[in-house]
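Since the structure comes first, as C-alpha cells, the remarks are kept for the end.
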C-alpha cells in the first residue's frame with residue numbers, strides 16, 4: 070500500500086494548511102498517510118537560529134503571514150496567527166504521539182491545529198491542549214498520561230533524529246516510501262503523486 | 070491593462086523556472102509582465118548571509134537541487150546546475166536592463182537563463198554572456214555598451230532599493246499593481262490570478 074510520511078510541527082502554520090487537506094487528497098490517490106510529529110526547534114538551532122526563521126528574518130515573517138492568509142482564504146478555512154509565535158509545541162507533539170497509540174493521531178492533530186491557527190490560541194498552554202484533545206477524543210486522561218511517559222518522550226526524540234537523517238530542514242515535509250523528500254504545503258500534491266506512482 | 074512585475078536575479082534557479090513559463094501564462098490571463106532584474110546579494114547580506122541561503126544551509130541546498138530537478142523534468146525543460154553557485158550576476162543584470170531599452174529584455178533574459186541553467190554555464194563569464202545575448206539579439210555591441218553606462222548602473226541600484234521597499238527578500242518575486250507581493254515560482258499562478266482580478 071503506498072504510504073507517505075507527513076512530518077509536522079504543531080507550531081508550524083504551513084503544516085496546519087497541510088493537515089487540514091492531506092487526508093482527502095491522499096485518499097483520492099490511494100495513498101495512506103503516516104502522521105509524524107517532530108520538533109523544528111533543534112533543527113532550527115542546528116542552522117544557527119534561536120527562533121523560527123519567520124522571526125529571525127522579519128521581511129520573511131511579514132510575507133508568511135500574508136501568504137498563509139491568502140491561501141487559507143482561497144481554501145475557505147479560518148486562519149488566526151497566535152499572539153506569540155512560534156508556540157512551544159513540545160507537549161502538543163507528545164500528546165499527538167500518545168494519541169497515535171489509540172488510532173486518534175489525525176483527529177487530535179487537527180484539533181490542536183484548529184486551536185492554534187483557526188482560533189489563534191496558545192497550544193503551549195495545558196488548558197488549551199486539554200480542551201482541544203477533548204474536542205476530538207474521549208480518551209483525554211489516557212492520552213495525557215501516556216504523553217508524559219518515557220516511551221513517548223523517547224519516541225519524539227527519535228523522530229527528530231530520523232527527520233534530520235531524512236534531510237528535513239523545515240515543516241511540513243513529506244517523505245515517500247523510497248525516501249524522496251518534499252518540503253512545504255505547496256509540494257503536497259507532488260509528494261502524493263510521487264508516492265502513488267511508486 | 071493589468072501588469073505584474075517579475076523580480077528576478079539572473080543567478081537564481083527558481084527564477085529560471087518562472088522566466089521560461091511566465092509569458093504564456095500571463096498572456097492567457099490578459100496580464101502584461103514587467104521584467105525587473107535586481108541583485109539578491111545585497112538583500113542576502115542584509116539578512117546576514119554572505120552567500121545564497123542554499124550554500125549557507127546545506128540541507129536546504131541539497132533539497133533545492135532535487136526540487137528544481139523534479140520540477141524541470143515535469144515541465145520538460147532542461148536543468149543543469151552551474152558548477153559554481155550562485156554565479157556573479159552583476160553584469161548579466163546590467164545587460165538585461167540595457168536590452169530593455171531595445172524592447173528585448175524577455176528574449177535576452179531567457180537566453181542568459183538558458184546558458185546558466187539549461188547548459189550550466191557560468192554567466193559571470195563575459196564570453197558566455199556575449200554568446201547568450203548574440204543568440205537572442207542582433208544588438209549585442211549596443212547592449213554591452215549601454216550595460217556599462219552610468220544610467221544602467223544607477224537603474225540597477227535603484228531596482229534594489231525598490232525591491233527592498235516592496236518587502237522582497239528572495240527571488241523570483243512578483244508584485245501586483247496594488248503592491249501585493251508573491252514569492253517563489255510556486256506562487257506565479259496566484260500572482261497572475263491576483264493581478265487579473267484587480
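Chains as they are written, first to last, in our numbering: chain A, 70 to 267; chain B, 70 to 267.
Note that CB positions come from ideal geometry on N, CA and C, so glycine has one too.
Bear in mind the structure is a predicted one, so any value in this text is a computation, not a measurement.
Cβ of residue i within 8 Å of any chain A Cβ
i: residue 116 (chain B); result: yes
i: residue 132 (chain B); result: yes
i: residue 268 (chain B); result: This structure does not reach residue 268 (chain B), given that chain B is present from 70 up to 267, and the question cannot be answered.
i: residue 238 (chain B); result: yes
i: residue 76 (chain B); result: no
i: residue 250 (chain B); result: yes
i: residue 228 (chain B); result: no
i: residue 259 (chain B); result: yes
i: residue 139 (chain B); result: yes
Beta bridge counterpart(s) of residue i as assigned by DSSP
i: residue 106 (chain B); result: B:77
i: residue 251 (chain B); result: B:243
i: residue 72 (chain B); result: B:101
Anticipated Cβ contact below 8 Å, residue i with residue j, distance rounded
i: residue 245 (chain A); j: residue 260 (chain A); result: 7 Å
i: residue 164 (chain B); j: residue 202 (chain B); result: 6 Å
i: residue 78 (chain A); j: residue 108 (chain A); result: 6 Å
i: residue 221 (chain A); j: residue 265 (chain A); result: The pair is not a contact, with the Cβ atoms about 31 Å apart (cut-off 8 Å).
i: residue 85 (chain A); j: residue 186 (chain A); result: 4 Å
i: residue 162 (chain B); j: residue 225 (chain B); result: 6 Å
i: residue 228 (chain A); j: residue 106 (chain A); result: 7 Å
i: residue 117 (chain B); j: residue 124 (chain B); result: In fact, because the Cβ distance is near 13 Å, the residues do not count as touching under 8 Å.
i: residue 76 (chain B); j: residue 232 (chain B); result: 6 Å
i: residue 253 (chain A); j: residue 126 (chain A); result: The pair is not a contact, with the Cβ atoms about 16 Å apart (cut-off 8 Å).
i: residue 216 (chain A); j: residue 160 (chain A); result: 7 Å
i: residue 80 (chain B); j: residue 141 (chain B); result: Rounded, the Cβ-Cβ distance is 17 Å, inconsistent with contact.
i: residue 212 (chain A); j: residue 204 (chain A); result: With a Cβ gap of about 12 Å, residue 212 (chain A) and residue 204 (chain A) do not count as contacting.
Min CB distance residue i to chain B below 8 Å
i: residue 266 (chain A); result: no
i: residue 128 (chain A); result: yes
i: residue 144 (chain A); result: no
i: residue 80 (chain A); result: no
i: residue 255 (chain A); result: yes
i: residue 231 (chain A); result: no
_Stretch pair the stretch 138–156 of chain A + the stretch 168–181 of chain A: three plus CB contacts closer than 8 Å_ = no
*asked:* Taking 8 Å as the cut-off, does the stretch 165–175 of chain A touch the stretch 184–199 of chain A (at least 3 CB pairs, one atom from each stretch)?
replied: no
*Count the C-beta pairs between the stretch 110–118 of chain A and the stretch 227–242 of chain A that are closer than 8 Å, then say yes if the count reaches three, no if not.*
Counting Cβ pairs under 8 Å, three or more are found: they touch.
*Mind pulling the alpha helix (DSSP H) runs of 4 or more residues that sit fully within the stretch 175–245 of chain A?*
195–203, 209–216 and 219–234
*Starting from the N-terminal side, write out each stretch of the alpha helix (DSSP H) that is 4 residues or longer and does not extend beyond the stretch 105–174 of chain A.*
As far as the stretch 105–174 of chain A is concerned, its whole alpha helix (DSSP H) runs of at least 4 residues are 109–115, 122–125, 127–144 and 159–169.
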